[in-house]
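Trainee: Sharing a structure with you now.
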């Protein structure tokens, strides 16, 4: 009898946490959509579209990809280079989550080219690491290690401690 009470209480707790998480995500999505509607064709809208893309990664990858592609088009139109690089990254992550490693790698390459062109070493280090994860998942440990070490070298050069730790963990794996 006591165990049934505990199970019921645990089930209620899990249900409430799930609902509150879904409600919070929905509120975040609504807020981002409002920003996009207020700020047409500017860097704020590009950033909001990228963030909106992230909120859909777990629940609707196709919608996540749609928002990332919108961000990419807008960033190109307004010539917002960092947004262009970040939107390619968001597109790559959506393709990665769909299991399409070829398209993910293509978009990471595009993102990397833009990060390199604007001198964003932190962005480049992140992309090398993400690309390494794809090769790791594909079982190509040699290529994965090469990319993780490139990321680590950049992270050390810019003293990005978090990226260094991430890279070392990836190399260890």
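In my numbering, the protein residues as written are 472 to 644. Heads up, the beta-carbon is just placed ideally off N, CA and C, and yes, glycines get one too.
Taking Cβ to Cβ, would you say residue 538 is nearer than 8 Å to residue 546?
Mentor: Going by C-beta atoms, residue 538 is not nearer than 8 Å to residue 546.
Trainee: Let me check understanding here. Comparing Cα to Cα, which of 609, 587, 559 lies closest to residue 579?
Mentor: Out of 609, 587, 559, 559 has the C-alpha closest to the C-alpha of residue 579.
Trainee: Where do the N-terminal and C-terminal ends of the alpha helix (DSSP H) with residue 582 fall, by residue?
Mentor: Element bounds for residue 582: 572-588.
Trainee: Within the segment 532-566, note down every full alpha helix (DSSP H) run reaching 4 residues or more, in order along the chain.
Mentor: Taking only runs of at least 4 residues, the alpha helix (DSSP H) segments lying wholly in the segment 532-566 are 532-549.
Trainee: Using only the alpha-carbon positions, how far apart do residue 641 and residue 619 sit?
Mentor: Roughly 7 Å between the two C-alpha positions.
Trainee: Shortest alpha-carbon distance to residue 627 belongs to which of 644, 607, 595, 611?
Mentor: Answer by Cα proximity: 595.
Trainee: Whose CA, out of 630, 609, 557, 613, lies closest to the CA of residue 584?
Mentor: For the residues 630, 609, 557, 613, the minimum Cα distance to residue 584 belongs to 557.
Trainee: Less than 6 Å between C-beta atoms, sequence neighbours within five positions excluded: which residues of the same chain meet that for residue 535?
Mentor: Cβ within range, chain order: 524, 527, 528, 565.
Trainee: Apply the 10 Å Cβ neighbour rule to residue 598 and answer buried if 16 or more other Cβ atoms are within range, or exposed otherwise.
Mentor: Buried, since its Cβ has 16 or more Cβ neighbours within 10 Å.
Trainee: Thinking just about the alpha-carbon of each residue, which of 582, 548, 605 is nearest to the one in residue 573?
Mentor: When only C-alpha atoms are compared, the closest one is 605.
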